[in-house]
Amino acid sequence: MALLTTMVRLCLLVALGFAFNPGMVNGAESPSLTMQQVQAAFLFNFAKFVTWPDDAFQRSGDSLIIGVLGEDPFGGILEETVRDKTVMGKKLTVKRFARVQDAMKSHILFLSASEEGNLPQMMKALEKANVLTVSDMDQFAEHGGMIAFTVEDQKVRFTINIGAVERAGLKMGSQLLKLARIVGDKPRTGN
Amino acid sequence: MQEQSVIARTVSVWLPALAAALVCAGEPSLAATAPKDLAELSLEELMNVEVTSVSKKAERLSDAAAAVFVITRDDIRRSGYTSIPEILRLAPNLQVARVDSSQYAITARGFNSTTANKLLVLIDGRTVYTPLFSGVFWDAQDTLIEDIERIEVISGPGGTLWGSNAVNGVINIITRQSKDTTGGLVTFGGGTDELGGGARYGAKLGENATYRIYGKGFGRDNTVNGRGISAQDSWKKGQAGFRTDWGKGNDALTLQGDGYTGSIDQAGDDKSLSGVNLLARWNRTLQDGSALQVQGYYDKIHRAYPRTFSETLDTYDIDAQHRFRLGASHEIVWGGGYRLMQDRVTNSPTLAFLPERKNLRLANGFIQDSIALRERLQLTVGAKVENNSYTSLEVQPSARLAWKFRDDQLLWSAVSRVVRTPSRLDRELFAPGTPPFTTLAGGPDFRSEKLIAYEIGYRAQPTSRSSLSISTFYNVYDDLRSIERGLGAGPVISNKMQGYTYGVETWGSYLLRDWWRLSAGYNYLKEKLAFESGSRDTAVQGAGNDPAHQFSVRSAVNLASNLEWDTALRVIGALPSPNVPSYVALDLRLGWTLRKGLEFSLLGYNLLDHDHPEFGTSTTRSELPRGFYGKLTWHY
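Chains Y and R, in that order, are what the protein sequence lines are.
When the letters of the first sequence are read in order and numbered with the numbering used here, they come out as residues 479 to 669.
When the letters of the second sequence are read in order and numbered with the numbering used here, they come out as residues 985 to 1620.
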């Protein structure tokens, strides 16, 4: 009898211990993850909903290049995400760039926050380059970036600058547009 | 014997499992979902994934050529504080002293008193200082704390953009847009000194608009004086409000309002305060890319102190500003505004504001040009011109230079002239309430107080996990308020104090680990004020009671993905006169997310001392007690 109650008590303790484990409480529906993992998954998804002009793939030997410009926040996460996957029959490769001139070879370009200081020059260089620009820099879309990541209530959201997308010769599927906040180019206003 | 060994065996099996389970409690389950699995999710599913943004990436290095500290939503939530004045303690460039249960003395760069008048405070663009003494009644400034987006605290003059009264600083309280506060929120809490609760509901209003409504109420206990006797200053207040935002194409419109009523205990009949305000703001992006903003608000407050005085103030304000680019390197903002304040006071035998009814008018125009001299060198020059009911034209120019000599380092400097225009207290206060005014006979010749401020600052992000800001200032004041012999029966308020102050404000933040952020701040102030020759005033300390040193350190630790441990320690130097000893205060908070959307917060404040004073003379001042406050917040 004493043994049984002791076992029951210990079982309860173990169960309580698991109650504090966040993964167990939330279950599989919403595990806790880092920004980089979710952003990488989004980058992969964007490839499915954006249409590039036909000649955009001639330079890359028929693979879709996801580039990272500047300090890389992803580590190996991007490669992990796209490994063995294809989009529209094209293989996905990940490349890293230090200069914007080299980065124009990519199809989707993630601009690291480290590049914030040079944003105007980079935007000018990439304007007509058929490259989908993505970043999580502050006010990226308002300054001419195409897709900007934000976090609201601990969930990742994105803002799309339609004008910038069109100027780059790209087309975006409506499934992507309807989930985004849309902005146009505008100068910085007050609060 | 046999039983014991069975138990021992059982324990030896279960104990490691228990230990493993408890250890698991501390580990965020990062590896739970591999990146490949995430890529399988649809866009909608991805948007439902929660991210632990514990290590918020370093903010972009601000280009502002001023000493700006931003109190973020997360700072506010993790402080556990329940009122705006307490939250302002988080800004290392402010002096915050709690006087009693409902009163605070708050200023920047010196001159602190319960009628501190060198700070401009705004809530969503609505100015909240009173023309009675050019200061703020902090017991009337409130909103639902969870709906504050951020508080920008600028120490230093803001005359050009913000106008007179922004002599030593500007506090800009910004609430969240209604599109960011959809859904419901209920919060209630109680503790040793306070009981309170609030609720908010927000939703979409058709295609292009969102709204929210909120209500809150609280009761705060009395403080005690030095001998442990109740100061009889408990108070309670209720407030409700709404906000709606509409946006389509190039236009955005905001309409918001609040109403509150409260009463403050005292010996005798309670003091009462109430108010209502309504603000409308329209933003438009024009064809040429420039931006236009027009804003108007109405604010009515009523305050009654039985047998001392009562006041009703109606404020009507309208202002507009236009921002546009000129050529490749100029960004110009210009605009103006008009404010009408209808003040109606009921006087008493002890003191009187005369005339009882007064209309004050304020008109202003300003222009500012930000010039990119070179790629990383920006010069901002501007001036504001004001016309008010008391003095003639006041001109407040400023020039600011910002040099971003490295990607992660900025040097800035500024010279500004700013004034504090007369308030009713400076010109029209008489004591006793009826003639002869032997104690105080107004201030018929009181002019604006003047400041010329010289500032230099440095801001850096040495690594992506650390940030640092250092600002220094040298303020030259003239025509500061003093009390002089008048022509008639009693002394008058005049401008025969002058002098200079200088100091350093520094703060920094360091992310030691992904789950541990440390922030610290320090400021030093030296004041050299004196009366002009010919002055009869002797009380230099009447200008303000300020500590020479203030130091604070905060630690934010994420013990687990659902458990937060926050520490705030502050060391405030002694106040010279009336003397208040220096003190050290420690606040600890535990935040526990029970499940999605349900958070419990337990705050222990002033833990080091049974109680301590922060302001006032030793015979009458209040002491602030040690206490606890537990709060439950539910988002749905």
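Ideal Cβ placement from N, Cα and C applies to all residues, glycine included.
Owing to the predicted nature of the structure, the values given are computational and were not obtained by experimental measurement.
is_contact[residue i, chain R] using C-beta, thresh 9 angstroms
{"i": "Y:Lys563", "result": "yes"}
{"i": "Y:Glu605", "result": "no"}
{"i": "Y:Asn608", "result": "no"}
{"i": "Y:Asn639", "result": "no"}
{"i": "Y:Lys583", "result": "no"}
{"i": "Y:Phe575", "result": "no"}
{"i": "Y:Val578", "result": "no"}
{"i": "Y:Gly595", "result": "yes"}
{"i": "Y:Val670", "result": "Given a span of 479 to 669 for chain Y in the structure shown, any question on residue 670 of chain Y remains unanswerable."}
{"i": "Y:Gln536", "result": "no"}
{"i": "Y:Lys633", "result": "yes"}
{"i": "Y:Val546", "result": "no"}
{"i": "Y:Leu657", "result": "yes"}
{"i": "Y:Asn504", "result": "Only weak support is given to the placement of Y:Asn504: the predicted model assigns it a pLDDT of 27, under 50, and the value that follows is read from those uncertain coordinates. Chain R contact via Cβ: present."}
{"i": "Y:Leu654", "result": "yes"}
{"i": "Y:Gly662", "result": "yes"}
{"i": "Y:Glu630", "result": "yes"}
{"i": "Y:Val612", "result": "no"}
Residue i at chain A interface by Cβ criterion, 9 angstroms
{"i": "R:Glu1028", "result": "In the displayed structure, chain A is absent; the protein chains listed are Y and R."}
Residue(s) in a DSSP beta bridge with residue i
{"i": "R:Pro1381", "result": "R:Ala1367"}
{"i": "R:Pro1562", "result": "Note: R:Pro1562 sits in no beta bridge, so no partner."}
{"i": "R:Glu1511", "result": "R:Thr1485"}
{"i": "R:His1619", "result": "R:Leu1169"}
{"i": "R:Asp1623", "result": "Residue 1623 of chain R is absent from the structure shown; chain R starts at 985 and stops at 1620."}
{"i": "R:Leu1072", "result": "None, per the DSSP bridge assignment."}
{"i": "R:Phe1226", "result": "R:Ile1197, R:Gly1241"}
{"i": "R:Arg1411", "result": "BP columns for R:Arg1411 are empty, so no partner."}
{"i": "R:Arg1061", "result": "DSSP output for R:Arg1061 lists no bridge partner at all."}
{"i": "R:Glu1433", "result": "R:Arg1404"}
CB contact below 9 angstroms: residue i versus chain Y
{"i": "R:Ala1042", "result": "The predicted model places R:Ala1042 with a pLDDT of 41, which falls under 50 and marks its position as unreliable, so this point remains unresolved."}
{"i": "R:Leu1025", "result": "yes"}
{"i": "R:Asp1550", "result": "no"}
{"i": "R:Asp1164", "result": "yes"}
{"i": "R:Met1031", "result": "yes"}
{"i": "R:Ser996", "result": "Per-residue confidence for R:Ser996 stands at a pLDDT of 47, beneath the threshold of 50, marking its modelled position as unreliable; the derived number appears in the next sentence. So, not an interface residue."}
{"i": "R:Phe1313", "result": "Just to set this straight, residue 1313 of chain R is Ser in the shown sequence, not Phe. Closer than 9 angstroms: no."}
{"i": "R:Leu1357", "result": "no"}
{"i": "R:Lys1232", "result": "no"}
{"i": "R:Lys1388", "result": "yes"}
{"i": "R:Asp1229", "result": "no"}
{"i": "R:Asp1059", "result": "no"}
{"i": "R:Thr1269", "result": "yes"}
{"i": "R:Tyr1620", "result": "no"}
{"i": "R:Leu1022", "result": "yes"}
{"i": "R:Lys1220", "result": "no"}
{"i": "R:Ser1448", "result": "yes"}
Any chance the stretch 1492-1507 of chain R sits against the stretch 1527-1544 of chain R, with 3 or more Cβ pairs inside 8 angstroms?
-> yes
Enumerated in chain order, which unbroken segments of the alpha helix (DSSP H) with a length of 4 residues or greater are wholly contained in the stretch 1117-1201 of chain R?
-> 1143-1146
Just checking, does the stretch 1551-1569 of chain R make contact with the stretch 1175-1188 of chain R on the three C-beta pairs under 8 angstroms criterion?
-> no
Could I get the ranges of all uninterrupted beta strand (DSSP E) runs contained in the stretch 1311-1377 of chain R, with 3 residues as the minimum, in chain order?
-> 1314-1330, 1341-1358, 1361-1372
Taking only runs that begin and end inside the stretch 511-570 of chain Y, name each unbroken alpha helix (DSSP H) of 4 or more residues, in chain order.
-> 513-527, 555-560
Is it a yes or a no for the stretch 1470-1477 of chain R touching the stretch 1433-1449 of chain R, going by three-plus beta-carbon pairs under 8 angstroms?
-> no
May I have a chain-ordered list of the beta strand (DSSP E) segments no shorter than 3 residues that lie completely inside the stretch 1440-1494 of chain R?
-> 1450-1468
Inter-stretch contact at 8 angstroms, needing at least 3 Cβ pairs: the stretch 1355-1366 of chain R / the stretch 1329-1340 of chain R = no
Stretch-stretch touch, CB-based, cutoff 8 angstroms, three pairs: the stretch 1474-1491 of chain R with the stretch 1420-1436 of chain R | yes
Evaluate the contact criterion for the stretch 1091-1104 of chain R versus the stretch 1152-1162 of chain R: three or more CB pairs, one atom per stretch, below 8 angstroms.
-> yes
Using 8 angstroms as the threshold, is the stretch 1122-1130 of chain R in touch with the stretch 1206-1226 of chain R, meaning 3 or more CB pairs across them?
-> yes
Taking a Cβ distance cut-off of 7 angstroms, strictly less, list which residues of the stretch 520-532 of chain Y are near chain R, in chain order.
-> Phe520, Phe522, Asn523
Going along the chain, which residues of the stretch 1326-1349 of chain R sit with their C-beta nearer than 8 angstroms to a C-beta in chain Y?
-> none
Touching by the beta-carbon criterion (3+ pairs, under 8 angstroms), the stretch 1383-1402 of chain R and the stretch 1307-1316 of chain R | no
What residue ranges within the stretch 1228-1304 of chain R form continuous beta strand (DSSP E) runs of no fewer than 3 residues, ordered along the chain?
-> 1235-1248, 1255-1269, 1275-1289
Tell me, please, whether the stretch 1297-1309 of chain R touches the stretch 1276-1288 of chain R by the rule of three or more beta-carbon pairs shorter than 8 angstroms.
-> yes
Residues of the stretch 1391-1419 of chain R with a CB closer than 9 angstroms to any CB of chain Y: list them in chain order, please.
-> Asp1391, Asp1392
Per the contact definition of three or more C-beta pairs closer than 8 angstroms, is the stretch 512-520 of chain Y in contact with the stretch 546-557 of chain Y?
-> yes
Would you be able to state if there are at least three C-beta pairs under 8 angstroms between the stretch 1126-1145 of chain R and the stretch 1048-1057 of chain R?
-> yes
Flag this pair as touching only if the stretch 603-611 of chain Y and the stretch 557-570 of chain Y have three or more C-beta atom pairs under 8 angstroms; answer yes or no.
-> no
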